[in-house]
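Throughout the sequence shown, residue numbering follows the working numbering, covering 4 to 290 in sequence.
A short write-up of the structure that comes next.
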Amino acid sequence: AMSRVSWNNNEENQYYLSLSLPLENNRNIMYSLQRYGDDATTQTATWYDGSDRNNPWNMSVSGTDKEFGDGEAAMRGYYQHYSPYGRLNVNGSVKPSSYRSFSAGWNGSFTATRYGAALHDYNTGNSSRVMVDADGIAGVEVNNNRSMTNMFGISVVPSVGNYTTATVMVNNNNLPDGVDVTNSVIRTTLTEGAIGYMPLSATKGYQIIGVIRLEDGRYPPLGVTVTDKATGRDIGLVADDGFVYLSGIQENSILTLKWNDNVCDMTPPNHSNINGQAIILPCKPAH
Numbered sequence: 004a005m006s007r008v009s010w011n012n013n014e015e016n017q018y019y020l021s022l023s024l025p026l027e028n029n030r031n032i033m034y035s036l037q038r039y040g041d042d043a044t045t046q047t048a049t050w051y052d053g054s055d056r057n058n059p060w061n062m063s064v065s066g067t068d069k070e071f072g073d074g075e076a077a078m079r080g081y082y083q084h085y086s087p088y089g090r091l092n093v094n095g096s097v098k099p100s101s102y103r104s105f106s107a108g109w110n111g112s113f114t115a116t117r118y119g120a121a122l123h124d125y126n127t128g129n130s131s132r133v134m135v136d137a138d139g140i141a142g143v144e145v146n147n148n149r150s151m152t153n154m155f156g157i158s159v160v161p162s163v164g165n166y167t168t169a170t171v172m173v174n175n176n177n178l179p180d181g182v183d184v185t186n187s188v189i190r191t192t193l194t195e196g197a198i199g200y201m202p203l204s205a206t207k208g209y210q211i212i213g214v215i216r217l218e219d220g221r222y223p224p225l226g227v228t229v230t231d232k233a234t235g236r237d238i239g240l241v242a243d244d245g246f247v248y249l250s251g252i253q254e255n256s257i258l259t260l261k262w263n264d265n266v267c268d269m270t271p272p273n274h275s276n277i278n279g280q281a282i283i284l285p286c287k288p289a290h
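Next comes the structure, spelled out in structure tokens:
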């Protein structure tokens, strides 16, 4: 760009050139050149790296030809870290023989309701937010991994749009060992400044793939629910030919099936076989 400025019977030409080269993995190289009137030309080169979406950073160097030649060019850097509990901002700049500066700051928020409390990223203005409850299970990632349930199983997704449908998604590809979430996508619409509450159907325990066989060699009927006898929690559903996927099984659990006038119990092994072959699960009549 080029412009001509006039003031107090003085005229000055201004020149500005800017180039940007996008690279793969959200990286970028930028270069700019500017000159005002008879002042020396200033050049700036910048490298930006956003390949890790939770840790973007950039670095730049700027100066005139003389400053570069004398080793007096200014260097600046910026780093940002996103965590489930807030974000860290770090800035630094240095110009030899002139100045050095460094600053760091933390932006975060805290939300507490009758369901629980959690630290989280900064909530802007009167934006609504969503509290996610994983029933006491820690380490469940939501909101594209920008939020994670704490030791009490609570996380908060901040700055959700007002009067629009908000979608909270669980990262099922990176769940803690033994954790299963059945409702991994939840949608809601909130008013301005509201705090939404979204309970997850989350379980933690052994995960087993098996085939349930009765004493007479037959299978239980299709659609029968498998229940933990101690807690009353449903942990599976019988499919065709007795096939079943069970999750949230606790140590030494006794599981029970009920249909019509029939009741049978089974004791699963105290280990998962989610990456192996289906095992036979004998179910004996309850007494």
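Using N, Cα and C, we set each Cβ at its ideal position, and we do this for glycine too.
### Query
Based on the DSSP output, what are the partners of N176 in its beta bridges?
None, per the DSSP bridge assignment.
### Task
Please determine, among D183, V184, G199, the residue with the shortest C-alpha to C-alpha distance to R190.
Nearest C-alpha to R190 among D183, V184, G199: G199.
### Query
Are Y39 and L22 touching if we call contact CB-CB under 7 Å?
no
### Query
Which residue comes first and which comes last in the alpha helix (DSSP H) that contains Q52?
The sequence given here has Asp at residue 52, not Gln. Here D52 belongs to no alpha helix (DSSP H); instead the beta strand (DSSP E) covers 45–52.
### Query
Does the distance from the CB of V214 to the CB of I283 come in under 7 Å?
Closer than 7 Å, so yes.
### Task
Sort S130, T47, A107 by Cα distance to A197 and report the nearest one.
S130
### Query
Since I198 sits in a beta bridge, which residues does DSSP pair it with?
DSSP output for I198 lists R132 as bridge partner(s).
### Query
Which two residues bound the contiguous beta strand (DSSP E) that contains D268?
265–269
### Query
Are at least three pairs of beta-carbons, each pair with one atom in the region 213–227 and one in the region 235–249, less than 8 Å apart?
yes
### Query
Where does F113 sit, in a helix, a strand or coil, going by DSSP?
strand
### Which residues DSSP lists as bridging Q83, in chain order
N92
### Task
Quick one: using the 10 Å Cβ neighbour count with 16 as the cut-off for buried, is L36 buried or exposed?
exposed
### Where E144 falls, given that 16 or more other Cβ within 10 Å makes a residue buried
buried
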